[in-house]
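Structure first, commentary second.
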Amino acid sequence: MFERIKGIALVLVAPLVLVGCAFSPGKFTSSLTLLADRSFTFSYQGEVIAVDFASEMAKGMGDAFKDDDEEKKEGTSTTAMLRAATWQDKDAANEAKPGGEDDSVEDEAKKEAKFKAIGEALTKEAGYRSVTYKGKGVFLIDYQISGKLTHNFLWPYNIDAEVIFPFVVVEMRGKDQIRVKAPAFGDDDSPAKGKGDDSKAKLDGTFTLVTDGELVSQNNEDGATSANGRKTVVWKATPLSKDAPMAVVKVAPLP
Numbered sequence: 001m002f003e004r005i006k007g008i009a010l011v012l013v014a015p016l017v018l019v020g021c022a023f024s025p026g027k028f029t030s031s032l033t034l035l036a037d038r039s040f041t042f043s044y045q046g047e048v049i050a051v052d053f054a055s056e057m058a059k060g061m062g063d064a065f066k067d068d069d070e071e072k073k074e075g076t077s078t079t080a081m082l083r084a085a086t087w088q089d090k091d092a093a094n095e096a097k098p099g100g101e102d103d104s105v106e107d108e109a110k111k112e113a114k115f116k117a118i119g120e121a122l123t124k125e126a127g128y129r130s131v132t133y134k135g136k137g138v139f140l141i142d143y144q145i146s147g148k149l150t151h152n153f154l155w156p157y158n159i160d161a162e163v164i165f166p167f168v169v170v171e172m173r174g175k176d177q178i179r180v181k182a183p184a185f186g187d188d189d190s191p192a193k194g195k196g197d198d199s200k201a202k203l204d205g206t207f208t209l210v211t212d213g214e215l216v217s218q219n220n221e222d223g224a225t226s227a228n229g230r231k232t233v234v235w236k237a238t239p240l241s242k243d244a245p246m247a248v249v250k251v252a253p254l255p
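To convert, note that position 244 of the sequence shown is 244 in UniProt numbering; the numbers rise steadily by one, no gaps.
Next up, the structure:
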């Protein structure tokens, strides 16, 4: 039975080897102002940590299922196996490569070059006011964009930079409701958060939703505050955060 599940999981993850990078939030401040007339402004200032998704997955495929008994003890859900195939434990990542130290240095140089190219691609997208690459996959980003929500909005998502797995998803729900969810700011099942302890340890930020529309629901136990006709909900994102920020806002209906 496990062999069958393993085969299915490999089929599911194999196409993802063709894609590029996953971003993970580091230290940041992010906000979304969503008004009843559907106008919005989204911003993100702070660190973004890039994972070379394709190379990490390819590296992990070989070891992900090598010990059936161990996997059975840890659980064999598709999510667990995808994670095992994608992000390796820190010890495994530090193991010596068959090609020796020279190959490791060369691979690292290629990865750094790829990350720099990603930074250049991001600067061409509307909303990126500045993108600074600090090295080791860490970017400092200042992003802000405004518009009218007549369609879904995802961030970050960039085809040229091969960036996948958005931090924030804003989607239409019927004609007069909008759902906001930020999976990377708390949901343990979000691929953008990665698997390693190092990635989780760097998560440190706040996500703020401001609206003058009807706040139908939200999952912050502290609730919303009201001032000047607007409601504000602030979520803190830390390594201990479990539930991804989520809210539903009623706005002007689409024609």
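We put the CB at the ideal spot given by N, CA and C, even for glycine.
Non-local beta-carbon contacts of Lys148 in its own chain, meaning distances under 7 Å to residues more than five positions away in sequence, involve Arg38, Ser39 in chain order. With respect to Asp176, Ala121 sits apart: the two C-beta atoms are not nearer than 8 Å. Per DSSP, Gly223 lies in no beta strand (DSSP E) segment and is marked neither H nor E.
Counting only the Cα atoms, Lys242 lies some 22 Å from Leu215. In the structure shown, Glu171 falls within a strand segment according to DSSP collapsed to helix, strand and coil. Annotated three-state conformation of Ala237 is strand, per DSSP.
Minimum Cα-Cα distance from Lys236 among the listed residues Thr206, Ala201, Phe115, Pro166 corresponds to Thr206. For Pro25, the enclosing beta strand (DSSP E) has its first and last residue at 21-34. The beta strand (DSSP E) runs lying completely inside the stretch 131-179 and spanning 3 residues or more are 138-148, 153-155, 168-173, given in chain order. Looking at the backbone, the Cα of Ala113 and that of Thr29 are separated by about 27 Å.
Counting the other CB atoms within 10 Å of its CB gives Val105 a total below 16, which places it among the exposed residues. Of Trp155, Ile49, Ala22, Thr225, the smallest CA-CA separation from Phe139 is found for Ile49. According to the DSSP assignment, Glu47 belongs to the beta strand (DSSP E) that extends over 39-51. Straight-line measurement puts the Cα of Leu209 at about 15 Å from the Cα of Ala184. In the DSSP assignment, Glu214 forms a beta bridge with Lys250. Annotation: Glu125 to Tyr157 spans about 10 Å, alpha carbon to alpha carbon.
The alpha-carbon separation between Leu254 and Thr150 amounts to approximately 7 Å. Residue environment analysis places Gly229 among the exposed positions, since fewer than 16 neighbouring C-beta atoms fall within 10 angstroms of its C-beta. Looking only at Lys250, Phe23, Asp52, the smallest Cα-Cα distance to Lys111 is reached by Asp52.
Between the beta-carbon of Tyr44 and that of Tyr143 there is about 5 Å, and that keeps the pair under the 8 Å contact cut. Across the set Val249, Cys21, Val248, the C-alpha of Cys21 shows the shortest separation from the C-alpha of Gly119. Nearest to Tyr128 by alpha-carbon distance, out of Val249, Arg173, Ser146, is Ser146.
The closest CA to that of Val251, considering only Val163, Val234, Thr33, Ile164, is found on Thr33.
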